[in-house]
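>
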DNA sequence: GACGCTATGCGCGTTTTCGTTCGCCGGGCA
DNA sequence: TGCCCGGCGAACGAAAACGCGCATAGCGTC
């Protein structure tokens, strides 16, 4: 197993369990304790976790991962969710809103060949992907670029959204739960996502199982505003049931 | 198997799995590790993935958009003009507007490492190029995407620009002449470019010699609104002289 | 057939990674 | 107090991966 994969796995574990033991990690990855110590040191330098005697603990707020360690996380799950979400979209002319996120990006790629489609997005990577396709109409909100997530946010984005109406908004979130509603790591991003949701007739949330039941720093909207949640089988059944009772239809990809 | 096929396969894998191992790829495609490394290097240069030790991980933005319009034409001249234009920009904090165009794109790349820089642009390819640079602030106008030029235009763009002020606007045009002023082939694009010019203290036009003296369909603004024109030695001296008399300083790269 | 270009494989020196070993520190225990 | 012991940091060496230069082979053009 390569270093970057090991780092990803460590981050995944520490964010799920809250605390990890260096000895256990060494055994599990079949590497020496020194290697684990070096890994933890690097991750601590990047403020992705905090070291303790004998292991490490998660930092308070979930952190946005640098690209090199974000790579594989739940990639297949995201692709699965995106494909399922694509099948749920109606045929024929459609105006669609897309927020930023890996899952929405994959969905955008799947939609690239559709005709009669108008896409509104505040995500630069999605726009870059769709700008090549002459068959669909692409509208970007403006705004200030966030380097971590390629999203455009702020008053310019909000103002642009205020003048648009979408039939369906597909929203990628960092957390969704019955109690916390939709949440994300960044409060400005949350505000812009909320602005898009307000202009949409229906809200579809795409989130791989790791996001279900999680609550992050910034709230976007209440769970009742969501029409459909598309997730995968790794989602905790208890949380899924709670969300279902709160209103949204839940589709397991 | 040809190189391009291999590259495509690599991209497909990395986008599905999120992470790949160079050794596995070499074995699977029956080529040497050196070849795989070269492939990965090319793909990384195009920002289609990120290399790690022993392999690569997926990234979420494909930011090298193919050039749609007269890509190769006057390429050296455009690069020359862009480099000269970059030297004319003041040091220190600066708020800069950039319209779409090949020359402005090259200029954007030259500015990528600067600090204390705020860039306002309506060009998707420029934004995609700059989005990853954490040192500079990037603001996009929104708007409807034009597939030919990657520019965002229309009322959303105009509205976004109305709330911004730039010290310098760098404008790429299809034609500039003493009589016709600044012109371009598309009237909607012209309108948005004019909106940006109105919000700028100074206007700098970058245009290779073939544009000088030419007048195109849609007018952007009068020649008197331009502070500086940067062009190259292939520009017709008569037209240059006429422009100089009309007001703008003319710099030959 | 000669040529120029590109892709590929190989060899070599360099860098990165990882395991091992050593000494240090702090806590528990006789 | 003296001893042991687990975890930590630093240093060294081996192995793997890397970058670079060079030679070769395929391919299209003239």
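Residue numbers (the working numbering), protein chains in the order written: chain A, 7 to 259; chain Y, 7 to 259.
Cβ atoms here follow ideal geometry from the backbone N, Cα and C, with glycine treated the same way.
Keep in mind the model is a prediction, meaning the values are calculated, not measured.
Just the Cα atoms here: how many angstroms apart are residue 185 of chain A and residue 235 of chain A?
Those two C-alpha atoms are separated by around 15 Å.
> Below 8 Å between beta carbons: does that hold for residue 126 of chain A and residue 103 of chain A?
Yes. Within cutoff.
> Residue 14 of chain Y touches chain A at which residues, Cβ-Cβ below 9 Å?
Correct list: empty, because the minimum Cβ distance to chain A is about 14 Å.
> Along chain A, in chain order, which residues have C-beta atoms closer than 8 Å to that of residue 27 of chain Y?
Within chain A, the residues near residue 27 of chain Y are 8.
> I'd like to know whether the C-beta of residue 145 of chain A is nearer than 8 Å to at least one C-beta of chain Y.
Answer yes: the Cβ-Cβ gap between residue 145 of chain A and chain Y drops below 8 Å somewhere.
> Indicate the three-state DSSP secondary structure (helix, strand or coil) for residue 149 of chain Y in the structure shown.
Strand.
> With a threshold of 8 Å on Cβ separation, who are the neighbours of residue 60 of chain A within its own chain once the five nearest residues in sequence on each side are excluded?
Excluding residues within five positions, the ones whose Cβ falls inside 8 Å are 27, 28 and 29.
> Helix or strand or just coil, what does DSSP make of residue 102 of chain A?
Correct three-state label for residue 102 of chain A: strand.
> Does the beta carbon of residue 259 of chain A come closer than 8 Å to any beta carbon on chain Y?
It does not: the Cβ of residue 259 of chain A has no partner Cβ on chain Y nearer than 8 Å.
> Should residue 231 of chain Y and residue 203 of chain Y be called a contact, given that it needs their Cβ atoms to be closer than 8 Å?
Yes, these two residues count as a Cβ contact at 8 Å.
> Excluding the five sequence neighbours on either side, which residues of its own chain have a C-beta within less than 7 Å of the C-beta of residue 11 of chain Y, listed in chain order?
So no residue of the chain qualifies.
> Quick one: does residue 47 of chain A have its CB under 8 Å from some CB of chain Y?
So no, residue 47 of chain A is outside the interface.
> Quick one: what's got a C-beta closer than 8 Å to residue 200 of chain A's C-beta in the same chain, skipping five residues either side?
For residue 200 of chain A, where only same-chain residues beyond five positions count, the Cβ hits under 8 Å are 226 and 227.
> Cα separation between residue 252 of chain A and residue 244 of chain A?
Spanning the two alpha carbons is a distance of roughly 13 Å.
> Looking only at C-alpha atoms, which of Y:132, Y:65, Y:123 and Y:42 sits nearest to residue 115 of chain Y?
Of the listed residues, the one whose Cα sits closest to residue 115 of chain Y is Y:132.
> Do residue 205 of chain Y and residue 170 of chain Y count as a contact pair if the criterion is CB distance below 8 Å?
Yes, the pair counts as a contact, with Cβ atoms nearer than the cut-off.
> Could you confirm whether any beta carbon from chain Y is found closer than 8 Å to the beta carbon of residue 151 of chain A?
Judged by the 8 Å Cβ criterion, residue 151 of chain A is in contact with chain Y.
> Counting only Cβ-Cβ distances shorter than 9 Å, please list the residues of the stretch 181 to 210 of chain A near chain Y, keeping chain order.
Here the close residues number zero.
> For residue 158 of chain A and chain Y, any beta-carbon pair shorter than 8 Å?
With 8 Å as the cut-off, residue 158 of chain A counts as an interface residue toward chain Y.
> Below 8 Å on the Cβ atoms is my contact criterion, and I expect residue 90 of chain A with residue 224 of chain A to pass it. Report the Cβ-Cβ distance as a whole number of Å.
That pair is no contact at about 27 Å.
> Do the CB positions of residue 42 of chain Y and residue 32 of chain Y come within less than 8 Å of each other?
Yes, the Cβ-Cβ distance between residue 42 of chain Y and residue 32 of chain Y is below 8 Å.
> Helix, strand or coil for residue 21 of chain A, going by three-state DSSP, please let me know.
Three-state DSSP puts residue 21 of chain A in a helix.
> So what does residue 308 of chain A bridge to, in DSSP terms?
Lying outside 7 to 259, the shown extent of chain A, residue 308 of chain A is not represented and no answer is given.
> Rank Y:151, Y:145, Y:153 and Y:150 by C-alpha distance to the C-alpha of residue 172 of chain Y and give the top, closest one.
Checking every option, the nearest Cα to that of residue 172 of chain Y belongs to Y:145.
> List the residues of chain Y whose Cβ lies closer than 7 Å to the Cβ of residue 96 of chain A, in chain order.
Ordered by position in chain Y, no residue passes the 7 Å Cβ test against residue 96 of chain A, which lies about 23 Å from the chain.
> Could you list which residues in chain Y have their beta carbon closer than 9 Å to that of residue 165 of chain A, in chain order?
Per Cβ cutoff of 9 Å: 148, 162, 165, 166 and 169.
> Residues of chain Y with a CB under 8 Å from the CB of residue 55 of chain A: which are they?
None at all; the shortest Cβ gap to chain Y is about 19 Å.
> Within the same chain, show all residues whose beta-carbon is closer than 8 Å to that of residue 9 of chain A, passing over the 5 residues directly before and after it, in chain order.
Cβ neighbours of residue 9 of chain A beyond the five flanking positions: 45.
> Given 7 Å as the limit, tell me if residue 133 of chain Y has its C-beta closer than that to any heavy atom belonging to the ligand GDP.
Looking for the ligand GDP in the displayed structure turns up nothing, as the structure carries no ligands at all.
> Compare the Cα-Cα distances from residue 239 of chain Y to each of Y:222, Y:53, Y:40 and Y:217 and report the closest residue.
Comparing Cα-Cα distances from residue 239 of chain Y to each of Y:222, Y:53, Y:40 and Y:217, the minimum goes to Y:217.
> Under a Cβ-count criterion, where at least 16 other Cβ atoms within 10 Å of its own Cβ denotes burial, should residue 99 of chain A be classed as buried or exposed?
Exposed, since its Cβ has fewer than 16 Cβ neighbours within 10 Å.
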